[in-house]
Amino acid sequence: MAKNKLPEGLQAKLMGTAKKVMKNAHAPYSNFRVGAAVLLANGKIFAGCNVENASYGMTNCAERTAIFSAVAQLGPKIEIRAVAVVNDQRVPCSPCGACRQVIYEFGRDAVVFFQGARGPKQAHITELLPQGFRLQ
Ligand code: THU
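For what it's worth, the working numbering labels the leading residue of the sequence shown as 10, then goes sequentially.
Structure below.
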């Protein structure tokens, strides 16, 4: 199996987890609910939703909520294998630039599943974020 090919069942589980957590979003300003699920190399899955704020810039995207939750639970030595992102408007939605950088921090070889312009898409993190920033 190719390195970035997930077993069908695991991909479906990741999408299902993202859809479920999407319902917890706090999105009264945009009305755009997003759910994300990250699969770690150790097989664990963490979920997150977007959490908005009246001071708009304080908003946290679903992807970062999920990743920060994984770090809070397991510490910084996590490796992200895959990320799934879903939204409740069924419109194209790939991770924003900030989230791409955060995914890259913990998943240099991560695959990202999201809604593209012509249906479901998957892309390697380095396709979404060429030449991501690293300190070491
Ligand atoms: N948002 C996410 O949570 N993830 C994305 O990939 C794109 C955007 C959120 C941020 C904000 O709460 C809302 O969607 C509208 O931008």
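Ideal Cβ placement from N, Cα and C applies to all residues, glycine included.
Item	Value
Leaving out the 5 sequence neighbours to the left and right, which residues in its chain are closer than 6 Å to L19 when beta-carbon positions are compared?	none
The alpha helix (DSSP H) that contains V80, what's its start and end?	71-83
For K22, which three-state DSSP category applies?	helix
Near A75, which residues of its chain fall below 7 Å by C-beta distance, leaving aside the five closest residues on each side in sequence?	A45, A46, V47, F55, A56, G57
Along the chain, where does the alpha helix (DSSP H) containing F115 start, and where does it finish?	106-115
For Y38, is the classification buried or exposed, using 16 other Cβ atoms within 10 angstroms of its Cβ as the cut-off for buried?	exposed
Note down, in chain order, each residue of its chain lying with its Cβ closer than 6 Å to the Cβ of T26, except the 5 sequence neighbours on either side.	A46, I54, A56
Assuming L137 is part of the alpha helix (DSSP H), what are its boundary residues?	134-137
Which two residues bound the contiguous beta strand (DSSP E) that contains C58?	54-58
Can you look up A63 in the DSSP assignment and give me helix, strand or coil?	coil
Could you tell me how far apart the beta carbons of V30 and C70 are, in whole angstroms, since I believe they sit closer than 8 Å?	Their Cβ separation, rounded to whole angstroms, is 13 Å, which puts V30 and C70 out of contact at 8 Å.
With distance defined between alpha-carbon atoms, name the residue in V94, C105, F115, C108 nearest to I87.	F115
Using the DSSP secondary-structure output, state which residues sit across from K130 in a beta bridge.	F123
Using a threshold of 7 Å, is the CB atom of E61 nearer than that to any non-hydrogen atom of the ligand THU?	yes
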